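A short write-up of the structure that comes next.
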Amino acid sequence: MTPEEYVEAVLTLVESIPPGRVTSYGAIADALHDRSGRASARLVGTIMARHGGAVPWYRVVNSAGRLPPGHEQRARALLAAEGLVFTGERVPMREFGWNPPG
DNA sequence: ATAATGACAAGAA
DNA sequence: CTTCTTGCCATTA
Numbered sequence: 001m002t003p004e005e006y007v008e009a010v011l012t013l014v015e016s017i018p019p020g021r022v023t024s025y026g027a028i029a030d031a032l033h034d035r036s037g038r039a040s041a042r043l044v045g046t047i048m049a050r051h052g053g054a055v056p057w058y059r060v061v062n063s064a065g066r067l068p069p070g071h072e073q074r075a076r077a078l079l080a081a082e083g084l085v086f087t088g089e090r091v092p093m094r095e096f097g098w099n100p101p102g
């Protein structure tokens with residue numbers, strides 16, 4: 001699996017996140033770990049920072065439900081538009097958390 | 001090769 | 001709640 005294909009796999013998975021739901025970098029890393037072999041939450045974060053512009057990046061948050069640094073306001077607005085409810089500055093993963101299909 | 005840096009995560013204090 | 005420590009791994013210097 002080439003790095004480009006790995007990036008594609010991450011982006012494809014991000015696009016598969018249903019509207020009004022969110023998932024974490026770690027969950028994506030885990031899901032791809034079972035598919036390809038190499039994965040880490042940091043990698044997914046780096047990939048999103050570089051190539052996340054073409055996918056619903058705002059549906060990816062950290063495991064604490066915090067929004068990506070520098071894009072908090074933007075992500076919050078986009079998620080709120082999909083019906084998602086915030087608890088202060090966090091997303092309740094218990095309710096809106098989504099796990100990618102294995 | 002080593003060191004520092006990230007849209008991360010989990011645990012301890 | 002905050003802050004610090006470990007583990008993680010590609011990228012950059």
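First residue of the first sequence: 1, per full-length UniProt numbering; consecutive thereafter.
Glycine included, each C-beta is placed from N, C-alpha and C at the ideal position.
Nothing here was measured: the structure is a model prediction, and the numbers come from that model.
Anticipated Cβ contact below 8 angstroms, residue i with residue j, distance rounded
i: Tyr25; j: Val60; result: 6 angstroms
i: Glu89; j: Arg74; result: That pair is no contact at about 14 angstroms.
i: His33; j: Ala41; result: Incorrect: roughly 10 angstroms between the Cβ atoms, too far for contact.
i: Thr23; j: Gly97; result: 7 angstroms
i: Ala29; j: Gly102; result: About 13 angstroms; that fails the 8 angstroms criterion.
i: Tyr58; j: Leu79; result: 6 angstroms
i: Arg94; j: Phe86; result: With 8 angstroms as the limit, Arg94 and Phe86 do not qualify as a contact, their Cβ atoms being about 13 angstroms apart.
Environment of residue i [buried if 16+ CB atoms lie within 10 Å]
i: Val10; result: buried
i: Pro3; result: exposed
i: Ala27; result: buried
i: Pro56; result: buried
i: Gly70; result: exposed
Coarse secondary structure for residue i, derived from DSSP in three states
i: Thr23; result: strand
i: Pro18; result: coil
Candidates the options: closest to residue i by CA position
i: Ile47; options: Glu72, Gly20, Leu78 and Thr12; result: Thr12
Can you give, in chain order, each stretch of the alpha helix (DSSP H) that sits fully within the region 54 to 101 and has at least 4 residues? Every alpha helix (DSSP H) of 4 residues or more that sits fully in the region 54 to 101 is shown, in chain order, as 72 to 81 and 93 to 96.
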